[in-house]
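Right, one structure below, let's go through it.
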Amino acid sequence: GQSLEQPSEVTAVEGAIVQINCTYQTSGFYGLSWYQQHDGGAPTFLSYNALDGLEETGRFSSFLSRSDSYGYLLLQELQMKDSASYFCAVTTFSGGYNKLIFGAGTRLAVHP
Amino acid sequence: DSGVTQTPKHLITATGQRVTLRCSPRSGDLSVYWYQQSLDQGLQFLIQYYNGEERAKGNILERFSAQQFPDLHSELNLSSLELGDSALYFCASSVQGVGGNTIYFGEGSWLTVV
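Right, dumping it as structure tokens:
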């Protein structure tokens, strides 16, 4: 089967740095994505890693280690608007097609 | 605005009833995905279509069915509704299947079963 583990909640203060970890167990792994979802809103794409290493997009960076089945999302210079849920998602290849499977999400609360 | 349109935005219905949720993907996107999100839960993958054909199935109940039409819009049919079916149902679309391509979510359809 497939499983993804990420912390349920993380708390941080404005201006700080926070790292949200994601470990996964799956066959046919293709890549790891991160999505952000504000309460009541739609998930929006943040980043995608297919190869090992760090991908940087502004204040957000994402890292992947395929050998460790592990990735993380790093959020720098936190702002109040970053308070949201963050989902890691694995793209898997099975049965001839790709699927995108989401973790349970990490709720980030940013405080002044 | 992601370009993915879902209707209705909100729906309240009684147990045992049947509802249809509709999704129009972004212009040019051939793949459509349906996800279910219960209160404070993650996104549960239900089903995926590509250019009218079913491509992948997740934890979709037998009471639920979906299809993608020639104009690429999709419908998710939920029947014999139970209280536990109350959730936010998201449709998403992408150009191709997920191979690293971003998928774009609609705003969701809130279903409340009473």
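Top line first, the protein sequences correspond to chains A and B.
Okay, so the first sequence: first residue is -6 according to this note's numbering, each after it adds one.
Okay, so the second sequence: first residue is 34 according to this note's numbering, each after it adds one.
Every residue, glycine too, gets a C-beta built ideally from N, C-alpha and C.
Just so you know, these numbers come straight off a predicted model, no measurement behind them.
Query                                                                                                                                                       : Result
Does the beta-carbon distance from L54(B) to L109(B) come in below 9 Å?                                                                                     : yes
Between C56(B) and G141(B), how many whole angstroms is the CB-CB distance? I'm expecting something under 8 Å.                                              : Wrong, their Cβ atoms sit about 10 Å apart, outside the cutoff.
Under the rule that 16 or more other beta-carbon atoms within 10 Å means buried, what is I80(B), buried or exposed?                                         : buried
For the putative contact between V146(B) and L116(B), defined by C-beta atoms under 8 Å, what is the C-beta separation to the nearest angstrom?             : 5 Å
Starting from R88(B) and walking both ways along the beta strand (DSSP E), at which residues does that stretch end?                                         : E86 to K90
Please report the straight-line C-alpha distance between G46(A) and T48(B), rounded to a whole angstrom.                                                    : 49 Å
Please decide whether F38(A) counts as near chain B, where near means a Cβ-Cβ distance under 9 Å.                                                           : yes
Which whole-angstrom value describes the C-beta separation of T85(A) and S20(A), a residue pair presumed to lie in contact below a C-beta threshold of 8 Å? : 7 Å
Going by alpha carbons, who is nearest to S62(A) out of F22(A), A5(A) and G(-6)(A)?                                                                         : F22(A)
Can you pull out the residues from the region 72 to 84 of chain B whose beta carbon lies closer than 9 Å to at least one beta carbon of chain A?            : D73, Q74, G75, L76, Q77, F78, Q81 and Y83
What would DSSP say about K42(B), mapped onto helix, strand or coil?                                                                                        : coil
I'd like to know whether the C-beta of K91(B) is nearer than 9 Å to at least one C-beta of chain A.                                                         : The question names Lys, yet the displayed sequence has Gly at residue 91(B). It does: the Cβ of G91(B) has a partner Cβ on chain A nearer than 9 Å.
Per DSSP, what are the beta-bridge partners of S107(B) in this structure?                                                                                   : C56(B) and Q101(B)
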